[in-house]
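Peer 1:
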Amino acid sequence: MAIGFELQKDDYVTLEANLQIFQKGAEVRGAFLCDSGGNIIIEVGKAASCVDSVSALASGAFSATRALAHAIGEDEFSSIVHQGSRNNIFMSAVDEEVLLVAVFGQETNNGLVKLEGTKACRKLLPIFRDIMKRPTVPNEDPTVTFVLAQGPLFSR
Amino acid sequence: MSLINYAKKEIQFKIVYYGCGLCGKTTNLQIIHDRVPAKAKGNLTSLATSQDRTLFFDFLPLQTMAIEGYTTKFQVYTVPGQVKYNSTRKLVLRNCDGVVFCIDSQQDKMPENLESWENLKENLADQNDSLNQMPHVLQYNKRDLPGRLPKAYLDFALNNGEHRIPTFMAAAVNGKGVLETLNGVAKLVLQDFIDKH
Chain P
141 MAIGFELQKD
151 DYVTLEANLQ
161 IFQKGAEVRG
171 AFLCDSGGNI
181 IIEVGKAASC
191 VDSVSALASG
201 AFSATRALAH
211 AIGEDEFSSI
221 VHQGSRNNIF
231 MSAVDEEVLL
241 VAVFGQETNN
251 GLVKLEGTKA
261 CRKLLPIFRD
271 IMKRPTVPNE
281 DPTVTFVLAQ
291 GPLFSR
Chain X
-12 MSLINYAKKE
-2 IQFKIVYYGC
8 GLCGKTTNLQ
18 IIHDRVPAKA
28 KGNLTSLATS
38 QDRTLFFDFL
48 PLQTMAIEGY
58 TTKFQVYTVP
68 GQVKYNSTRK
78 LVLRNCDGVV
88 FCIDSQQDKM
98 PENLESWENL
108 KENLADQNDS
118 LNQMPHVLQY
128 NKRDLPGRLP
138 KAYLDFALNN
148 GEHRIPTFMA
158 AAVNGKGVLE
168 TLNGVAKLVL
178 QDFIDKH
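Line order of the protein sequences matches chains P and X. Be aware that the first sequence starts at 141, since it is given in this note's numbering, and climbs by one per residue. Be aware that the second sequence starts at -12, since it is given in this note's numbering, and climbs by one per residue.
1. Just reading off the alpha helix (DSSP H) that L136 (chain X) is part of, what are its end residues?
2. Below 7 Å on C-beta distance, what does S176 (chain P) contact in chain X?
3. Taking contact to mean 3 or more Cβ pairs, one atom from each stretch, closer than 8 Å, check whether the segment 156 to 166 of chain P and the segment 245 to 261 of chain P are in contact.
4. Starting from N128 (chain X), trace the beta strand (DSSP E) both ways and give me its first and last residue.
5. Residues of chain P with CB closer than 7 Å to the CB of N170 (chain X), please, in chain order.
6. Measure from the alpha carbon of R186 (chain X) to the alpha carbon of each residue in X:Q93, X:A53, X:G148 and X:N115, then state which is nearest.
7. Mind checking K273 (chain P): buried by the 16 CB within 10 Å criterion, or exposed?
8. According to the neighbour-count rule (16 or more other Cβ atoms, all chains shown, within 10 Å of its Cβ), is I19 (chain X) buried or exposed?
9. Counting Cβ pairs closer than 8 Å, one from the segment 147 to 162 of chain X and one from the segment 123 to 133 of chain X, do we hit at least three?
10. Which residue or residues does DSSP assign as beta-bridge partners of E109 (chain X)?
11. Interface residues of chain X around D215 (chain P) at Cβ under 7 Å?
12. CB-CB under 7 Å to T51 (chain X), same chain, minus the five flanking residues each way: which ones, in chain order?
13. Rounded to a whole number of angstroms, what is the C-alpha to C-alpha distance between Y64 (chain X) and I182 (chain P)?
14. Per DSSP, D39 (chain X) is paired with what?
15. If you compare alpha carbons, which of X:L(-10), X:V3, X:L177 and X:I(-9) is closest to F88 (chain X)?
16. Considering only C-alpha positions, which residue in the set X:L125, X:W104 and X:R76 is nearest to E167 (chain X)?
17. Is it buried or exposed for T75 (chain X), if we count other Cβ within 10 angstroms and need 16 for buried?
18. At the 9 Å Cβ level, is D151 (chain P) part of the contact set with chain X, yes or no?
19. Nearest chain X C-beta to G245 (chain P) closer than 9 Å, yes or no?
20. Return the CA-CA distance between T36 (chain X) and F43 (chain X), expressed in angstroms with no decimal places.
21. Shortest alpha-carbon distance to A188 (chain P) belongs to which of P:D150, P:N249 and P:F244?
22. How is the alpha helix (DSSP H) around H210 (chain P) delimited, first residue to last?
23. Just the C-alpha distance for E146 (chain P) and L173 (chain P), rounded to the nearest angstrom, thanks.
24. Exposed or buried, what is C10 (chain X) when buried is set at 16 or more other beta-carbons lying within 10 Å of its beta-carbon?
25. Between R151 (chain X) and chain P, is any beta-carbon pair separated by less than 9 Å?
This is the structure we're talking about:
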């Protein structure tokens, strides 16, 4: 089983602050970070009404794009923009495991989003490297335990 | 790859439905989406061909309170079953926390079931994972069809290891066994998570 990662409260605050700086600088409607499995790590603004689905699709699309890059002899296409008539989406790899996704309309432009996105990814990379290399059992609060709730998980 | 967010009191897991083409993976997700209450589910997303065959994946986000004090999210995916889409299956399988291996119980589908079973093991090995470390269950699907094989035969072919894998009898098209399978794998994933923390 792949090793998961854990976001402590301080991580959350740091990531949120960086993402808010990106959102403000790039003037995007909403942005989030997700892992390569499509799980949302953190979200600011409002990227979409069903952001879980957007995250899963963005992660899948970016993984497919990475495979395409390999197929033509590139290491990777570090960022992608899909441009619509009213809405656009920007995706950029922070590292192998983490993706920055932003949704924006006519209020900004591709160039600014790419520029701010590249800057944000550079700032986020060392933060994630630090999170990933930490032991998965939280040091700061050894009393944390997880207890299974009783009863069926999913029923009609 | 489970993701714990202590600030938001949220834990996320990824479950993948795996199996050969037309074994009923997408039907499982459609039934789950139909039956789970609205507050516990998001939109069902299907990336399918014009013939309704899964091209990339189906995706259904679910939410429950499985761990006390934490919102528990399960991101449920299917893989495309057709042999030619192996690179896509690898992408979907990445960082998953639990697998449902869906089996078409009809006799003439056994070679495809076995090929898909081996393919799952190979694709997990490619990402340095294995079924020994991955919570997983078997779903013997299409139990409503006349050409179905006996459970004992399917166990002999697919569940003959030292540790028996939990199995669920299902006729997904009628909804039978679908939520039982989901609950079965979700509990294994949660237990595995608790054991590691």
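C-beta: ideal position from N, C-alpha, C; glycine also. Since this is a predicted model, take the numbers as computed values, not measurements.
Peer 2: In short:
1. In the DSSP assignment, L136 (chain X) falls outside any alpha helix (DSSP H) and carries neither an H nor an E.
2. The answer, in chain order, is R81 and N82.
3. Yes, since at least three Cβ pairs between the segment 156 to 166 of chain P and the segment 245 to 261 of chain P fall closer than 8 Å, the two stretches touch.
4. Residues H123 to N128.
5. Within chain P, the residues near N170 (chain X) are P292, L293 and F294.
6. Residue 186 (chain X) falls outside the range modelled here, since chain X spans only -12 to 184, and no answer is possible.
7. Exposed: under 16 other Cβ atoms inside 10 Å.
8. The residue in question, I19 (chain X), is buried, as its Cβ has 16 or more Cβ neighbours within 10 Å.
9. Yes: at least three Cβ pairs fall under 8 Å.
10. None, per the DSSP bridge assignment.
11. Per Cβ cutoff of 7 Å: no residues; D215 (chain P) is ~17 Å from chain X at best.
12. So the list reads A27 and T59, once near-sequence residues are dropped.
13. Near 21 Å, if we compare the C-alpha coordinates of I182 (chain P) and Y64 (chain X).
14. Under DSSP, D39 (chain X) takes part in no beta bridge, so it has no partner.
15. Looking at the Cα atoms, X:V3 is the closest of the given residues.
16. Cα-wise, what sits closest to E167 (chain X) is X:L125.
17. Classification of T75 (chain X): buried, given that the 10 Å Cβ count is 16 or more.
18. At least one chain X Cβ lies under 9 Å of D151 (chain P).
19. Under the 9 Å criterion on CB atoms, G245 (chain P) is classed as non-interfacial with respect to chain X.
20. C-alpha separation (whole angstroms): 9 Å.
21. Distance check between A188 (chain P) and each of P:D150, P:N249 and P:F244 places P:F244 closest, using alpha-carbon atoms only.
22. For H210 (chain P), the uninterrupted alpha helix (DSSP H) run begins and ends at V191 to A211, by DSSP.
23. For E146 (chain P) and L173 (chain P), the distance between alpha carbons rounds to 14 Å.
24. With 16 or more other Cβ atoms within 10 Å, it is buried.
25. It does not; no Cβ of chain P falls within 9 Å.
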